């Protein structure tokens, strides 16, 4: 597709084609049409609601929603048209200048930002005012950071779009749960084992799809992810089916357990008072250290020959093969290493929750992890971490927005407004908007790490229309 | 034997629905080379619009079922086509010329958005309506009392599919739109140079695909009587499997693939285990892509450097 039709095709077309026409009238007509389209789209889905009633479905008409859709889209489009989609408009220029300045500043100080974040992460449990609730969110965010970094190897470095990453997460979680429940193995024994099992699965699943091109590969990995979930759901004797596995053992601190009573307890050994926070903080440090290990390993791997090969493959697979790189092995290592970290994450998930079921390993999880990697900027580690903080933290914040709830209830008279319900809607919308706005991610760094000669010539992907993968 | 015949009928019915959805995938892939991941959800929207319009008409007191169904079909096709057009316009067109995976990612975002949009607007519970078209024909009865039935709804689904396919094949082969579409598929730049409005052609492709998905949605509602906001995901993957199996980009292939997937799924449920029927479909997808990437009726793709 060489027709480089920009995002604002209609607007710019109106400018180039008909400079003599009245712009205000054009804008009005266009906004009216957009509003009309929105009303058509909203008509039967938003305007009518099916409600369960004793005698079957009954309809509840809400035509004001169609009018709302018309007005919101129409007025929104009109305002955009007036202030955004025109040459030399102040607002977008200011925004792009600001974003350029921010990424300039951040780009120079990425290292310091990263160090700052790590220090903050390490002292977080001891900051006054941090409660259990915050720690839970922090653990969740770090889990996604770990998974994001793991998937980053596959998607960001090697350029293989994996839509079934959650499969490895599931393999890790079930490995730990089953090994611990059946053979009584401890968390620390199983952790590497679960990683290796997931890596083996990564290779098993990776092997057949090696020949496939980018988007086919994505769909097949999605299919594999679903297959694993369906098997977990139906293989009752081993996995417990939809009931899942409960009572998964908690991790121990050098054999010391985090219990109130018992022989080898953490608080008993150190002679401190029992607090349920100890276990939470311990879990927090486990995931923090695991995430740091992931960061370190993946970052170093990037500089190893295999990392270079990943990047070369991502940039151009044919050229890569021509230069004598074994793309089969390169792809398999990417899959295996990505899966390894997925397995670690899964193990941790199992021990943290104490309960797992196939419910937790749906496609939507893969999509969330992928979105974190993509929106953070494929290949950029700090970007992935920031995206995880913003997205997962944002989700949680949305869930607890009582002020918004009150605001809506008092101003719009809508009862039972739960912002948390809208998080997946917003999530899907964000994926589209950010991709359209900044296809390279918010903190994008997809440029190869190594260049021929001293000068970084302008050969990065920014200038290459299409790569294979 | 009788049991097998019954499963054959059921499988062909299901396959017709998959085939109608698969056409949307195969056309879009043929013309712009992307997997329209949100197409399954377009189908789901078609099913919801059908259900709601149907209930409205019944509520208004229109009782002559053929008229009701015709009106439902038209409204559902128009509204769903509007969704198809909008999705292309908002999520895919701005990314034309971007790197290959970008539109796939927006398509996933769109899919998630549409699912949650319908869930929020209509509620998460499954929606059920009583069967609209009952009755049917008894084809044969086996000695042990097993009755092979061909219900009216099954006949309607297969007939509608055949008629639509015929119209569609005619559109592609004979009309200016079809010619523009085939030209764009072969070489978009060249087509644009020769005066074809490529953007418009691509938009129309999405519109046609969505309209056919709406028909599939209506058939789904009539056949099963139960829908929820999640039906698009699984049906979408299966229809995509059908498109791949038939050879992506090939329209007869999409139909053939749909029928094969429908048959395999039905036979698998009938003779093996119903729990693993999705696994069967997914495995076929993987196996086809690995061993027969160009599908049954597709042309092998040449990788140009």
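Chains as they are written, first to last, in this note's numbering: chain P, 607 to 1075; chain D, 379 to 683. C-beta: ideal position from N, C-alpha, C; glycine also. For clarity, every value in this text was computed on a predicted model and none was experimentally measured.
Element boundaries [alpha helix (DSSP H), containing residue i]
i	result
residue 576/D	576-602
residue 608/D	Looking at the DSSP string, residue 608/D is not in any alpha helix (DSSP H), and its letter there is neither H nor E.
residue 913/P	911-921
residue 680/P	669-689
residue 934/P	933-959
residue 1094/P	Since the first residue shown for chain P is 607 and the last is 1075, residue 1094/P is missing from the structure and cannot be characterised.
residue 559/D	554-564
residue 631/P	629-651
residue 885/P	883-907
residue 638/D	629-649
residue 660/D	655-669
residue 971/P	969-982
residue 846/P	Note, residue 846/P: premise wrong, no alpha helix (DSSP H); not H, not E.
residue 419/D	417-438
residue 464/D	443-465
residue 1028/P	From DSSP, residue 1028/P is part of no alpha helix (DSSP H); its letter is neither H nor E.
residue 496/D	480-500
residue 874/P	872-876
Span of the beta strand (DSSP E) around residue i
i	result
residue 656/P	654-659
residue 390/D	Taken as a continuous stretch (DSSP letters only), residue 390/D belongs to no beta strand (DSSP E), being part of the alpha helix (DSSP H) at 380-410.
residue 515/D	514-519
residue 527/D	525-529
7 Å Cβ cutoff met for residue i and residue j
i	j	result
residue 434/D	residue 461/D	no
residue 549/D	residue 650/P	no
residue 658/D	residue 399/D	no
residue 1136/P	residue 672/P	Outside the modelled stretch of chain P, which goes from 607 to 1075, sits residue 1136/P, for which no answer is possible.
residue 569/D	residue 562/D	yes
residue 808/P	residue 984/P	no
residue 614/D	residue 404/D	no
residue 535/D	residue 597/D	yes
residue 647/D	residue 655/D	yes
residue 641/D	residue 389/D	yes
residue 976/P	residue 667/D	no
residue 679/P	residue 640/P	yes
residue 775/P	residue 952/P	yes
residue 654/P	residue 430/D	yes
residue 890/P	residue 745/P	yes
residue 964/P	residue 839/P	yes
residue 851/P	residue 800/P	no
residue 369/D	residue 401/D	This structure cannot speak to residue 369/D, because chain D is shown only from 379 to 683.
residue 419/D	residue 493/D	yes
residue 587/D	residue 406/D	yes
residue 396/D	residue 617/D	yes
residue 779/P	residue 962/P	yes
residue 385/D	residue 644/D	yes
residue 764/P	residue 940/P	yes
residue 394/D	residue 539/D	yes
residue 622/D	residue 463/D	no
Residue of the options minimising C-alpha distance to residue i
i	options	result
residue 676/P	630/P, 785/P, 637/P	637/P
residue 1005/P	722/P, 890/P, 1029/P	1029/P
residue 632/D	448/D, 502/D, 674/D, 642/D	674/D
residue 453/D	545/D, 425/D, 555/D, 578/D	425/D
residue 988/P	892/P, 854/P, 864/P, 758/P	758/P
residue 792/P	885/P, 854/P, 738/P	854/P
residue 949/P	959/P, 805/P, 765/P, 909/P	805/P
residue 664/D	814/P, 735/P, 868/P, 877/P	814/P
residue 831/P	629/P, 966/P, 708/P, 961/P	966/P
residue 660/P	538/D, 505/D, 579/D	505/D
residue 896/P	842/P, 743/P, 748/P	748/P
residue 527/D	677/D, 387/D, 670/D	387/D
residue 1026/P	821/P, 1038/P, 1009/P	1009/P
residue 350/D	465/D, 545/D, 623/D, 607/D	Residue numbering for chain D in the displayed model covers 379 to 683; residue 350/D lies beyond these limits and cannot be assessed.
residue 653/D	788/P, 802/P, 837/P	837/P
Check: residue i C-beta below 6 Å from any heavy atom of the ligand NAP
i	result
residue 420/D	Ligands in the displayed structure: none, and consequently the ligand NAP is not present.
Contiguous alpha helix (DSSP H) assignments of at least 4 residues, all confined to the region 744-830 of chain P: Complete alpha helix (DSSP H) runs here, min 4: 772-789, 793-812.
Contact between the region 818-838 of chain P and the region 758-775 of chain P (3+ Cβ pairs under 8 Å): yes
Cβ contact check for the region 750-758 of chain P and the region 920-940 of chain P: 3 or more pairs under 8 Å: no
At least 3 beta-carbon pairs within less than 8 Å: the region 930-940 of chain P vs the region 795-804 of chain P: no
Cβ contact (3+ pairs, closer than 8 Å) linking the region 905-921 of chain P and the region 869-886 of chain P: no
Validate contact between the region 406-423 of chain D and the region 480-491 of chain D using beta carbons, cut 8 Å, 3 pairs: yes
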